[in-house]
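**Q**
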Amino acid sequence: MPKENYHQKRVAFGNTLRLLRDQAHYMDKRMSGDDLVRLINHKLRISLNRPDNSEWETAKTIPPPPIFCALLEIYTFQNILKTWDAVQDLITHYIEVATDYTLKNVTFDEATFNHWQAIRQALFNHAPEHILSDNTLYGVDAILDIQSNALLEKKHKNRAISFEGEGGLGKTSLAVSLAIRLGQLGIFEGIYFMGLRHSYMNLQGIKEHSEEQIETLDSALLQLASQIGISIEQRLSQKEKLGIIADYYHNHPILIILDNLETQADVIAYQPLIAKLLAVESASRLIITSRYQTSLLIPAIPLTVTVDELDKINAHATLRKYKFNGTQEQAFAIHNYIGGNPLALRLTMNLVQVYNIAPTLQLLEKKKSDLQGNIYEFREELFKYLYEKTLESLDEPIQDLFICMGLFCAMEEGATLDKIRKRAMQPNIEAGLKQLMDFHLVSFNQSDEKYTMHRLTIYYIRKEFFGKSAEDFS
Amino acid sequence: MISPHKRSQYQQHALRILQEQVQTFASIQDNPQELMDELRYLFIGIDACPHDAIFIETRLQLINILKDMPVRYGMSDQWDDLTTYALQTTPSDDAYHLGLLHWIKAKIAYDRVQRQKARDWISTAWGYAHQSKNPKLIGDIAQTFCSSLVYHFGEHENAIDMIYQAKEAISELNTPVPYRLDISLADALRRLGKIWQARRILETMAEKWLTPHLPMREQAIILHNLGLMRWVDGAYATAQSNLQTAAHIYEDLHELATACGAYGDLGLCLWAWGKLQQAETVYNKAIRLAQKAGDAQREMKLHGNLGLVYMSKGRLDEAETYILAHIQRAETLDSPREVSRARGNLAQLAMYRGNPHNSLPYLQEALNAHQHPNEGRGNDLILVCICHLHLGNRDQALNYLHEAYKTCDEGEHTILPILVYRAAAECYPDQAEAHLTYALSLAKQYDRRLDMVGCLLKLAQICHNDDYRIQAHNLLQEMGAEAWLNYGEAPLLPLMI
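Just so you know, the protein sequences line up as chains D and B, in that order.
First residue of the first sequence? That's 1 in my numbering, and the numbers climb one at a time after it.
First residue of the second sequence? That's 1001 in my numbering, and the numbers climb one at a time after it.
1. Check the Cβ of Thr1332/B against every Cβ in chain D and list those closer than 7 Å, keeping chain order.
2. Between Asp10/D and chain B, is there a C-beta pair that is closer than 7 Å?
3. Are the CB atoms of Ala1239/B and Cys1269/B nearer to each other than 7 Å?
4. Of all the alpha helix (DSSP H) runs that stay within the bounds of the region 1238 to 1320 of chain B, which reach a length of 4 or more residues?
5. To which residues of the same chain is Asp1182/B closer than 6 Å at the C-beta, ignoring the five residues directly before and after it?
6. I need the straight-line Cα distance from Ile206/D to Phe466/D, nearest angstrom please.
7. Name the chain B residues whose beta carbon is nearer than 8 Å to that of Cys404/D?
8. Which residue wins for smallest C-alpha separation from Tyr1421/B, given the options Asn1064/B, Leu1189/B, Glu1410/B, Glu1433/B?
9. Runs of 4 residues minimum, wholly inside the region 1014 to 1076 of chain B: which ones carry the alpha helix (DSSP H) assignment?
10. Taking any Cβ of chain D, which residues in the region 1294 to 1309 of chain B have a Cβ under 8 Å from it, in chain order?
11. Does any C-beta atom of chain B lie closer than 7 Å to the C-beta of Ala269/D?
12. Please report the straight-line C-alpha distance between Phe68/D and Leu236/D, rounded to a whole angstrom.
13. Quick one: which chain D residues come within Cβ less than 8 Å of Tyr1041/B?
14. Have a look at Asp1466/B and Leu1475/B and give me their C-alpha separation to the nearest angstrom.
15. Between which two residues does the alpha helix (DSSP H) holding Ser231/D run?
16. Inspect the CB distances between the region 1316 to 1329 of chain B and the region 215 to 232 of chain D and report whether three or more fall short of 8 Å.
17. Please list, in chain order, the chain B residues whose beta carbon lies closer than 7 Å to that of Thr216/D.
18. What residues are listed by DSSP as bridge partners for Val1150/B?
19. Step through the CB atoms of chain B and report whether any lies within less than 7 Å of the CB of Arg235/D.
20. Taking a cut of 8 Å between CB atoms, which residues from the region 424 to 457 of chain D lie near chain B?
21. Give me whichever residues DSSP pairs with Glu164/D in a beta bridge.
22. Nearest by alpha-carbon distance to His1013/B: which of Thr318/D, Met194/D, Lys422/D is it?
23. Can you tell me whether DSSP reads Asp1120/B as helix, strand or coil?
24. Report the residue from Glu1218/B, Ala1279/B, Pro1178/B, Tyr1405/B whose alpha carbon sits nearest the alpha carbon of Ala1481/B.
25. Is Tyr101/D helix, strand or coil when you go by DSSP?
26. Along the region 1102 to 1128 of chain B, what residues have a CB closer than 7 Å to any CB found in chain E?
27. Would a C-beta distance cut-off of 7 Å place Lys171/D and Val267/D closer than the cut-off?
28. Suppose you measure from the CA of His42/D to the CA of Ile254/D; what does that come to, to the nearest Å?
29. Determine, for Glu189/D, whether the minimum Cβ-Cβ distance to residues of chain B falls below 7 Å.
30. Which runs of the beta strand (DSSP E) fall wholly inside the region 310 to 361 of chain D and span at least 3 residues, in chain order?
31. Could you compute how far the alpha carbon of Arg10/D sits from the alpha carbon of Val37/D?
32. Per DSSP, which one or two residues make a beta bridge with Gly195/D?
33. Tell me the DSSP secondary structure of His25/D in three-state form.
34. What residue ranges within the region 1395 to 1468 of chain B form continuous alpha helix (DSSP H) runs of no fewer than 4 residues, ordered along the chain?
35. Out of curiosity, what's the CA-to-CA distance linking Lys1117/B and Ser1076/B?
36. Grab me the residues of Gln1277/B's own chain with a C-beta within less than 8 Å of its C-beta, minus the 5 sequence neighbours each way, in chain order.
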């Protein structure tokens, strides 16, 4: 090729790279050169600098084949390269200008293209997006920005993060938001969600301290393997099962959310898995949510974020989201009585809807003065009170529907309308569901058309039903 | 607060749901995915009124429906809870259900490799099974008991006794003995080296049970087990056909992991037979299936076996690559048993390369893992014998050789004697011709091609007989194993079952 012609092709190639990047996104913004370098570093576990990317785009240098392939993966995942023909054209262009390399160095073939297209479509199949459906979080953008970048930090030191705090604060929502934010970049092949409630709740929906926690982990490993799509025989030792999971975690960049470690016993039970994954050199990442301070038992977790209650400003914003039309002072008063737990705020809005603002404030003030004991007992009693007051305001058939859903419909995972209808006490449930949604007791997820309940809501129902008084009755 | 009246209404409602659900399970028992989806709903809120007589009865109905379904995968904890609660409410004179529930608890413990716990549960279940006089329960419990004794405790004789007791008890009830008991029995016998008896049992069983009317999956189970036994007994051609059919059926049924296992066994059969090219093809297919099924453990083992195929071909460098990968993968997957197995293979490789110095500890380790006089132990005895011989410890070598002879005498081995006589030819050079001639005749009888070549090359050297050499070269060419000719006039060819 004449030198002049070659130079033109090289400049054109640089421009193409620039054009592709301009169409790509990083989190919620257009992808910068820094962002792209961060993603490539993460994918290939290398340490490029910003100027490398500038040099490719200004045709000073040509990216080596592994980096070029990583770019193709990202742009295929982000659906900027929409067809295999488009990819082939780009590869042909690359081979023309990257004279040091041959076609065989470019390992991105049609199967790889299809693979990343498929990942784009299936990535969130196991991520509980419904958790976010009615649970917009306030005051967390900064946390998400900082922590998502921290997890992609250049030296790969931060391979895990733990969100810690009491129930109802939105730890799971934060974890899922973070996973979705990272997942949309095109650097993970799968997002998997392990809700410990599935493996650790007895038949009556009550959390127990099992004498044989090792089996709980064993079952969880089988469930995780099943989600990932790998096969593990039950008869293998736990060490072997962990080895297989860790091997996949090492070879495939994935995100695992380990949700809802509630107690010290939970952390002890899952410590072998967490420790094993932390020890793996990998582009995979682990996100944990816990009520217990995990770092006390697993100091190797590099990032820990304590999730606090909302301050009064964000509490007010949250109330407004639920159509609170009172004054700022009234919102601050609510915050003063019940604190800034987002779920408690949401439930309080039910009282506001039923009683109006001023009487609600009186009720809350009285309740606060009645409730003695430590902060944890206060929280538990507060939630119970808010649920009870909300239920009181519902008609009996709707109360029945609410109880039946919590008892019989596996609402943690979500239940379809058909499933709820089969398990409710009467067939006409649409109006009841609407009211339960208006009262924020039930959420609906458009993408899989399933109804869900917050975990604390389900606990409330099951505890009411199976608690001490129920035993006396039985 | 839920009022007592309302609570009672919810409990009655819960009962109705449970009863309806129990009725629908029977219709979806052949669809594991649908079953699992339904179970997820069923297990939540199931104990709404645990002391109600109707609930207790319905729960037993549910357990009866689910007892043969694969609920243990992913639902093991809930299944365990359900059985535990049911045990607490089952009357002491209900031998059938007490047997059934103890058996389920035993199976859960067995799956979790809780050896003693499984044994305790199954022993109790066995007592109830006899009292119940229910032939199906007796058969099911005997099978689990047999597996526990064989795989957890190595008590093969007790396992055989147990199966015979079960067969007798079932026959006394004028009921056909289920074929799975024969599979368990044959397995225990094989592990004691009683290959002839084991094969007879399976041949008779297959003749009786294997009909086109039997569901395809059941056919595959019988063919798979029969194929394995025929392979061990050196009936390679029929074993190949059985294993191939079984693998195809599993594949058609989309049971990829099981299909992959059957293809792996087919690969072993072809390899032992000396059909090395075909073995390579089958292993590559099995590896692809393992990848598709996401079965990293099986994929690792298959790579190790492919290494053995290359070893048999004399392509020792490639064999080494695969065996080292096997070791590395086994270490990554935290599987000490496989690490040990792969190191044993590497030790063999070093020996065939004429470098046995580091081999002995690994071969000895493999031998120590085989305590029963079966073909596995016999094979390891031969390898340790040859290793000692190459290290100049002739007396030690002879001790191991004699134990291998004894193993042949005590058992009912068909292939092991070939290896023993080949090893004897190495240990007793002055009697080598006689030993090799006999080994060759046995190898021809079973069409063991690599053994035939091993004998022919040595005989050609000893007897200065070019016909032997030509026959050996032709066979090597046919097997794609000409690489052995690079290792001298009469190299020691692999001694493997």
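A virtual CB, placed ideally from N, CA and C, is assigned to each residue, including glycine.
**A** Here's the rundown:
1. Along the second sequence, one-based indexing puts residue 1332/B at 332. Within 7 Å Cβ-Cβ: Gly243, Asp247.
2. To locate residue 10/D, count along the first sequence from 1; it is residue 10. Residue 10/D is actually Arg in this sequence, not Asp. Chain B, which has no Cβ nearer than 7 Å to the Cβ of Arg10/D, makes this no.
3. Along the second sequence, read from residue 1 onward, the residue named residue 1239/B stands at position 239. Along the second sequence, read from residue 1 onward, the residue named residue 1269/B stands at position 269. Result yes, Cβ atoms of Ala1239/B and Cys1269/B sit closer than 7 Å.
4. Complete alpha helix (DSSP H) runs here, min 4: 1256 to 1273, 1276 to 1293, 1296 to 1313.
5. Residue 1182/B sits at position 182 when you count from the first residue of the second sequence. Same-chain partners within the cutoff: Ile1201, Met1205.
6. Here residue 206/D refers to the residue found at position 206 of the first sequence. Here residue 466/D refers to the residue found at position 466 of the first sequence. Low confidence applies here, because Ile206/D scores a pLDDT of 48, under 50, leaving its location unreliable and the question unanswered by this model.
7. Sequence index remark: in the first sequence, residue 404/D carries index 404 (1-based). Under the 8 Å cutoff, chain B gives Tyr1010, His1013.
8. Walking along the second sequence from the start, residue 1421/B turns up at place 421. The candidate whose alpha carbon is nearest that of Tyr1421/B is Glu1433/B.
9. As for any alpha helix (DSSP H) of minimum length 4 sitting wholly inside the region 1014 to 1076 of chain B, the runs are 1032 to 1042, 1053 to 1066, ordered along the chain.
10. Residues passing the 8 Å Cβ filter: Gly1294, Asp1295, Ala1296, Gln1297, Arg1298.
11. Taking the first residue of the first sequence as 1, we reach residue 269/D at position 269. Residue-level contact by beta carbon fails for Ala269/D and chain B, as no gap is shorter than 7 Å.
12. Position 68 of the first sequence holds residue 68/D. Position 236 of the first sequence holds residue 236/D. Distance between the alpha carbons of Phe68/D and Leu236/D: 40 Å.
13. For the purposes of this step, residue 1041/B is taken as the residue at position 41 of the second sequence. Neighbours of Tyr1041/B in chain D, taken as residues at a C-beta separation under 8 Å, are given in chain order as Phe408, Cys409, Ala410, Ala415, Lys419, Arg423.
14. Walking along the second sequence from the start, residue 1466/B turns up at place 466. Walking along the second sequence from the start, residue 1475/B turns up at place 475. In this model, Asp1466/B and Leu1475/B are separated by some 14 Å (Cα to Cα).
15. Numbered from its first residue, the first sequence carries residue 231/D at position 231. It is not in any alpha helix (DSSP H) - Ser231/D carries neither H nor E in the DSSP assignment.
16. The answer is no - the region 215 to 232 of chain D does not touch the region 1316 to 1329 of chain B, with fewer than three Cβ pairs under 8 Å.
17. As a position in the first sequence, residue 216/D is number 216, starting the count at 1. Here the neighbours are Asp1077.
18. Along the second sequence, one-based indexing puts residue 1150/B at 150. Its beta-bridge partners do not exist; DSSP assigns none.
19. One-based indexing of the first sequence puts residue 235/D at position 235. At least one beta carbon of chain B lies nearer than 7 Å to the beta carbon of Arg235/D.
20. Listed by position, the residues of the region 424 to 457 of chain D near chain B (Cβ gap below 8 Å) are Met425.
21. As a first step, residue 164/D must be located in the first sequence, where it is residue number 164. Glu164/D pairs with Ser290/D, Thr306/D.
22. For this step, residue 1013/B is matched to residue 13 along the second sequence. Of the residues Thr318/D, Met194/D, Lys422/D, the one whose Cα lies closest to the Cα of His1013/B is Lys422/D.
23. Within the second sequence, numbered from 1, the residue matching residue 1120/B stands at position 120. Helix.
24. As a first step, residue 1481/B must be located in the second sequence, where it is residue number 481. Comparing alpha-carbon positions, the option among Glu1218/B, Ala1279/B, Pro1178/B, Tyr1405/B lying closest to Ala1481/B turns out to be Ala1279/B.
25. As a first step, residue 101/D must be located in the first sequence, where it is residue number 101. The three-state reading of DSSP puts Tyr101/D in coil, since its state is none of H, G, I, E or B.
26. The structure shown contains no chain E; its protein chains are D and B.
27. The residue you call residue 171/D lines up with position 171 of the first sequence. The residue you call residue 267/D lines up with position 267 of the first sequence. In this structure, the beta-carbon distance from Lys171/D to Val267/D does not fall below 7 Å.
28. For the purposes of this step, residue 42/D is identified with residue 42 of the first sequence, where counting begins at 1. For the purposes of this step, residue 254/D is identified with residue 254 of the first sequence, where counting begins at 1. Cα to Cα, the separation comes out at about 12 Å.
29. Along the first sequence, read from residue 1 onward, the residue named residue 189/D stands at position 189. Chain B, which has no Cβ nearer than 7 Å to the Cβ of Glu189/D, makes this no.
30. Entirely contained in the region 310 to 361 of chain D, not one beta strand (DSSP E) run reaches 3 residues.
31. Translated into positions along the first sequence, residue 10/D becomes position 10. Translated into positions along the first sequence, residue 37/D becomes position 37. In this structure, the straight-line span from the alpha carbon of Arg10/D to that of Val37/D is close to 20 Å.
32. Here residue 195/D refers to the residue found at position 195 of the first sequence. In DSSP, Gly195/D forms a bridge with Asp259/D.
33. Within the first sequence, numbered from 1, the residue matching residue 25/D stands at position 25. Correct three-state label for His25/D: strand.
34. Fully enclosed alpha helix (DSSP H) runs of 4 or longer: 1416 to 1427, 1432 to 1446, 1449 to 1463.
35. To locate residue 1117/B, count along the second sequence from 1; it is residue 117. To locate residue 1076/B, count along the second sequence from 1; it is residue 76. Those two C-alpha atoms are separated by around 16 Å.
36. Within the second sequence, the letter at position 277 stands for residue 1277/B. Within its own chain, the residues whose Cβ lies closer than 8 Å to the Cβ of Gln1277/B, once the five positions on either side in sequence are excluded, are Met1479, Gly1480, listed in chain order.
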